[in-house]
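Enquirer: Heads up: the sequence shown begins at -10 in the numbering used here, then just goes up one per residue.
My structure is below; once you've seen it, I'll send some questions.
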Amino acid sequence: MTTGLVIFAATYLLIAVQRLPFLPLNRPAASLLGAVAMVVFGVVSLQDAYAAIDLDVLVFLLGLMLIVGYLEVGRFFEWAAEWVVERAVTPRTLLFAVVVGGGLLSAFFVNDTICLVVTPILLAALERLRVRPLPYLLGLAMGANVGSVLSVTGNPQNMLVGIWSGTSFAGFLLHMLPVATGGLAITYGYLRWAFRRELSQPFASGPGSMAIEADRPLIGKGLTVFAIAVAGWLAGGSLPLVAITCGAIMVAVAQRDPAYAIERVDWDLLLMFASLFVVMRGLEATGAVEWIDRRALDLAGVESAAGTAAAVSGAMLVLSNLISNVPAVMLWQDVVPTLPNEPLMWRVVAMSSTLAGNFLLIGSVANLIVAERAQEQGVKVGFGDYARVGIPVTLLTLFWGSGSLLVTG
C-alpha cells in the first residue's frame, strides 16, 4: 500500500510542478514514469495495467485528432483566425472577435489546438496594429477555455465525462449552451472593463491581410467529415465508434500524404491518458481511492443540489489548479456515480474543471500554449498579469455555470 501511495504522490507532484531542475519532465513523461513504476514495483500486474486503460477514451481522441489534423494541414484554423481579425475594426470588436471566435472554434475542435494555431496569427496582426498584445492574448486563452465547455469535443476532460457518463452529444450541448454563452459574455465583459483605457484608443493602422493560402478542397472534405461525425453523435451513435470511423474516412478521402496529419495527432496527450489510467489503477489497489471517495462524499454530502454542486465545483477548482483538470476528473470517476442526481453532477464536474482552467496561468494547457508561443516572439504573459484577470473571471463564470446547470437540471 505504501509503495503505491508514494508512486502516486511522486507522479502527481511531477505533473503539477513539471520540469524540476534535477528532473526536467513534462506531464506525459511524468505520467509514463508513474505508470511503469506501478507495474515494476508490483502495485499492479501488467495484465491489470493493460485492463486499466480505457480504450474508448483513446479511440475517441484519436479519431477526432485525425480530422483536426487534416484541417490543420489545410490551414483552416489560420484562415479562420485571419478572417476574424481582418473584420475587427476597433480594439473592442477585436477583443470580442478573439474571445467569441476562439471560444466557438474551441467548442468543437479542442481548445489546445485553437490556441496553438491562432496565437501566432493573432500576434502578427497585433504587431501590424501596434497595440499591446496582453488583453487579446488573455482573451484568446480565456475564451478558448470557456468556449470549450460547450461540447464533448471541446477539451479532454469533457471527453472523459461524455464517455463515462453515457450522455448524448446533443444532451451535453444543450445543457452547456447557456453556460458557454453566459461565460463568454462574462469573460469579454470583464476583459473589456479591466483594459478599458487601452481599448478606448483607436487602432493606429488597419490589420491588413496575411494572405493565408488555405487548401480549400481539403478543408471542405475535413468540415464535411466532421459534420458527418456530429450528425452521428446527434443521432445517438457511440462517441468513440463515430469518431474513429470518421477519422478513418478522412484518411481515405483526403488524397494527401497522411503522414502530415498523423504528425499533428497529440500523441503526448494519448500517452498521458493511457499512463494516468494505470496510475489510478495503482492508487485503487492501495485502498486510497475508497478513502478519497468517502471524504469526497462527506464534502458533497449536503441535502440540497445547490450545496452539492458548490462542493463539487470547489473541489474541481482546487484540484484542477493543483494537479491539472484531467487528473482531477479522473480522481472523481468513481465518486460522481454515488452522488445524488448523477447526470447533473457529471455536468458540474465538466463545467467546473473546464472553467477552473482560467484561474491561474498554470490552470490549463491552453493558457501555457498561449504564453509559450507569445514568449517565442518576445511577448511576456506574466503570472500576475494573468491572475489579476483570471481569478475574478473564473469565480464569476463558475457562479454563472453552476446556476445555469441547476436551473436546467
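C-beta: ideal position from N, C-alpha, C; glycine also.
Spatial neighbours of R205 within its chain, please: CB distance less than 8 Å, with the 5 preceding and 5 following residues excluded, ordered by chain position.
Expert: G63.
Enquirer: As a quick exercise: from A(-1), C235 and A174, pick the residue whose alpha carbon is nearest that of A18.
Expert: If we check each option's Cα against that of A18, A(-1) comes out closest.
Enquirer: Which term fits Q244, buried or exposed, when burial requires 16 or more other beta carbons within 10 angstroms of its beta carbon?
Expert: Under this definition Q244 is an exposed residue.
Enquirer: Using DSSP with H/G/I as helix, E/B as strand and the rest coil, what is F348?
Expert: In this structure, F348 counts as coil in the three-state DSSP scheme.
Enquirer: Can W389 and V150 be called in contact, C-beta distance under 8 Å?
Expert: No. Outside cutoff.
Enquirer: Using beta-carbon positions only, say whether G136 and A114 come within less than 8 Å of one another.
Expert: No. Outside cutoff.
Enquirer: Under the rule that 16 or more other beta-carbon atoms within 10 Å means buried, what is D246, buried or exposed?
Expert: Exposed, since its Cβ has fewer than 16 Cβ neighbours within 10 Å.
Enquirer: To which residues of the same chain is L112 closer than 7 Å at the C-beta, ignoring the five residues directly before and after it?
Expert: Excluding positions up to five away in sequence, the list reads P122, A363, Q366 and V368.
Enquirer: Mind checking whether A224 and V48 have CB atoms under 8 Å apart?
Expert: No; because the gap between Cβ atoms is not below 8 Å, this pair is not in contact.
Enquirer: In its own chain, which residues sit with a C-beta less than 7 Å from the C-beta of L55, not counting the 5 before and 5 after it?
Expert: Answer for L55: G236, M239, V240, A250 and V254, listed in chain order.
Enquirer: Determine the burial state of P329: buried for a count of at least 16 other Cβ atoms within 10 Å of its Cβ, exposed for fewer.
Expert: Classification for P329: exposed.
Enquirer: If you check the beta carbons only, do L333 and A294 fall under 8 Å apart?
Expert: Result yes, Cβ atoms of L333 and A294 sit closer than 8 Å.
Enquirer: At which residues does the alpha helix (DSSP H) containing E67 begin and terminate?
Expert: First-last of the alpha helix (DSSP H) with E67: F65 to E75.
Enquirer: Check each candidate in V325, A298, V338 and T297 and name the one with the smallest Cα separation from S309.
Expert: It is V338 whose Cα lies nearest to the Cα of S309.
Enquirer: Threshold first: 4 residues or longer. Then list the alpha helix (DSSP H) segments lying entirely within the region 298 to 343, N to C.
Expert: Runs found: 314 to 320.
Enquirer: So L21 is in the alpha helix (DSSP H); what residue range does that whole segment cover?
Expert: That run of the alpha helix (DSSP H) goes R16 to V29.
Enquirer: Counting only the same chain and skipping the five closest in sequence on each side, list residues whose C-beta sits under 6 Å from that of S264.
Expert: Same-chain partners within the cutoff: S20, L21 and A24.
Enquirer: Taking the alpha-carbon positions, what's the I380 to A304 distance?
Expert: The alpha-carbon atoms of I380 and A304 are separated by roughly 16 Å.
Enquirer: Consult DSSP for T79 and reduce its assignment to one of helix, strand or coil.
Expert: Residue state, collapsed to three classes: coil.
Enquirer: Going by alpha carbons, who is nearest to L60 out of V99, R81 and M131?
Expert: Ranking V99, R81 and M131 by Cα distance to L60 puts V99 first.
Enquirer: The alpha helix (DSSP H) spanning N147 covers which residue range?
Expert: From DSSP, the alpha helix (DSSP H) with N147 extends over P145 to S154.
Enquirer: Taking the C-alpha atoms as reference points, what is the distance between V214 and V106?
Expert: Going from the Cα of V214 to the Cα of V106 covers about 21 Å.
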